Structure formats: structure tokens, C-alpha cells
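Shown next, in C-alpha cells, is the structure this report addresses.
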Amino acid sequence: MRVDFISIPYDSGKYDRGMGRGPGRILGTGIAHQLRESGYVVNERTIIFPEQEMLTDSQITFKLNSMLARAVAEAINAGSFPIILAGNCITAVGALAGIHDKQTGVLWLDAHADFNTPETTQSGYLDGMALSIVCGNCWKSLSAADPMYHAIPEDHVVLLGARELDPEEAKALKASRITVVTADQVREHNYAIPEMDRRQFSNVYIHFDADVLDVSVGRVNRFATAGGLFPKEIINILDLLHKLLIRYFQFKVVNRCNEIEPK
17 MRVDFISIPY DSGKYDRGMG RGPGRILGTG IAHQLRESGY VVNERTIIFP
67 EQEMLTDSQI TFKLNSMLAR AVAEAINAGS FPIILAGNCI TAVGALAGIH
117 DKQTGVLWLD AHADFNTPET TQSGYLDGMA LSIVCGNCWK SLSAADPMYH
167 AIPEDHVVLL GARELDPEEA KALKASRITV VTADQVREHN YAIPEMDRRQ
217 FSNVYIHFDA DVLDVSVGRV NRFATAGGLF PKEIINILDL LHKLLIRYFQ
267 FKVVNRCNEI EPK
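Residue numbers for the sequence shown follow my numbering, beginning at 17 and rising by one.
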């Protein structure tokens with residue numbers, strides 16, 4: 017199997033600053049070498065936006081997303097599994113544009129909902145609007161400037177582990193069709209993700225913000241907070257999702273065969 021690590025070392029449009037240093041730290045653990053030792057073909061690519069004058073942070077961010085979309089599409093077309101290492105959650109917009117499939121399900125693991133809009137945000141932080149942009153609720157013009165972009169329906173999204181929400185953001189999330197699962201619900205009901213109608217999904221995008229982890233595990237960024245998930249719980253979540261997808265895609269293949277060669 018081939019794996020493509022696509023790094024975007026930016027934080028709020030700034031190269032190699034703050035959380036933008038995260039991709040390098042992750043690759044510095046030797047993960048690519050370990051995968052190669054296990055028999056994987058591993059490609060590493062870094063997206064760097066050429067410096068230009070008179071561009072705002074938001075303009076740079078959306079242009080980086082367009083570059084990411086094409087890198088993801090190239091990886092998928094080459095039969096590779098893209099793993100994106102980024103400093104900001106808004107790269108989900110570019111990742112999903114690269115997948116370019118409206119029937120994609122989204123599992124959003126994050127301490128924050130990232131469901132603000134310019135009207136609800138208290139900080140103006142663009143990254144806190146990432147999931148809203150994914151769902152087509154704001155920044156529509158800059159998003160649509162990339163022909164690969166398309167909005168993901170809210171009912172395709174499961175938000176897991178969020179615990180830090182702005183007041184107006186919480187209201188918007190409650191009024192949405194997003195499925196919300198808290199860390200307490202994971203432990204109380206001993207499940208990782210709710211049963212979803214997987215027939216509507218042709219694939220699944222997993223968004224993992226490391227601050228979904230409880231702060232006792234480690235302060236991964238300046239937004240880390242208590243009340244999160246622990247590594248074993250996240251592994252169980254991903255393992256369950258993997259089993260569900262295998263079961264579903266086997267079912268699809270069987271159905272397709274039966275349609276072609278009915279008995």
C-alpha cells in the first residue's frame with residue numbers, strides 16, 4: 017500500500033509558526049521510516065505558498081486549500097492513501113475538495129466544534145469556522161473560487177469530543193443536523209460512533225485535531241483543555257469505524273455482484 021504524507025506547515029497563514037510546526041514534529045518521530053520498514057511505499061510532500069505581497073491571512077489560507085485539494089486528488093488518483101499533516105483545521109476544506117465526493121462521511125474529532133461563522137465568532141479566528149465552511153455555511157465566495165470545492169451536508173458529519181463552544185456557536189450547532197457525541201457519551205454508552213446510515217457514504221474523511229485528547233495526556237497546542245478523550249479510546253473509535261466500513265463495503269460488493277449475475 018502507498019501512503020502520501022502531505023504537510024502544510026502553516027498557522028493562520030504564517031509559515032512554520034505556532035501550530036504550523038506540528039507537521040515537522042510529527043514527521044520527526046520517524047513515522048514515515050517505520051511505515052517503510054513495514055512494507056509501505058511512502059511519499060512525503062510539503063505544500064508551500066509562494067510569498068506574495070498584499071495578501072491577507074485568509075486569502076493565503078484559501079489558496080493553500082486549493083493547492084492541498086490538488087495534492088489530495090493526485091494522491092488518490094495514484095492509488096495512494098493521503099495523510100494530511102497541518103497546523104490548522106481549515107485544511108479540512110482543501111482535503112474534502114480533493115476527495116471531491118458529496119457522498120463522503122466526516123468524523124470530526126476535536127475539542128472544538130469549529131462551527132462559528134463571521135456573525136457568531138467572538139475571536140474572528142478563521143480556524144474556528146472550519147466545519148462551517150466544510151458544510152457551506154460561510155465564506156462561500158472564497159470557497160467557491162476553487163472549482164473543486166463543494167459543501168458536505170451537515171447530516172454527513174459526526175462531531176466527537178467537542179467541549180469548548182462559544183455561546184452562539186452552540187446554538188447554531190444545536191440547530192444543525194450534525195450528530196454530536198461527547199466524551200462522556202463515549203464512556204457512558206461504551207460506543208465510539210453512533211450507528212449511521214452508511215449507505216449514503218462512498219468513503220469517510222477522518223479529521224483529527226490532537227486537542228481532542230485530554231490535557232492530562234499532553235498539552236498539544238494552546239487550545240488544549242480538560243475533559244477530552246484518551247489514546248485508547250481514540251484507537252477504539254477508529255477500530256470500530258474500520259470494522260464498520262469493511263462490513264459495509266463487502267456488502268456493497270456482494271450486492272453489486274448479485275445485480276450483475278442474479279441467481
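The C-beta atom is built at its ideal place from N, Cα and C for all residues, glycine as well.
All of these numbers come straight from a predicted model, not from anything done at the bench.
By the neighbour-count criterion, in which a residue is buried when 16 or more other Cβ atoms sit within 10 angstroms of its Cβ, K248 is exposed. In the DSSP secondary-structure assignment, E185 is not bridged to any residue. Selection S54, V57, S28, I63 evaluated against G40 yields I63 as nearest (Cα-Cα).
With 16 or more other CB atoms across the displayed protein chains lying within 10 angstroms of its CB, D130 is buried. Distance from the CA of L43 to the CA of R18, rounded to the nearest whole angstrom, comes to 16 Å. Contact annotation, V173 with V220: C-beta distance approximately 11 Å; criterion of less than 8 Å not satisfied. For F78, the uninterrupted alpha helix (DSSP H) segment begins and ends at 73–93. Pairing A188 with L229, the inter-Cα distance amounts to about 24 Å. With fewer than 16 other beta carbons inside 10 angstroms of its own, V57 counts as exposed. Secondary structure at V231: coil, using DSSP grouped into helix, strand and coil. In this structure, D143 and I106 form a Cβ contact; the two beta carbons are roughly 5 Å apart against a cut-off of 8 Å. Judged by beta-carbon spacing, D126 lies within the 8 Å limit of H223, meaning their Cβ atoms are closer than that value.
Ranked by Cα distance from K79, the first of N93, N153, K118, I24 is I24.
The count of Cβ pairs closer than 8 Å, one atom from the stretch 137–155 and one from the stretch 171–186, reaches three, so the stretches are in contact. G34 is positioned such that its CB atom lies closer than 8 Å to that of G103. When only Cα atoms are considered, K30 and S54 end up about 35 Å apart. Annotated three-state conformation of E135 is coil, per DSSP. It is roughly 32 Å from the alpha-carbon of Y26 to the alpha-carbon of V202. With a cut-off of 8 Å on Cβ pairs, the stretch 84–100 is in contact with the stretch 108–116, counting three or more such pairs.
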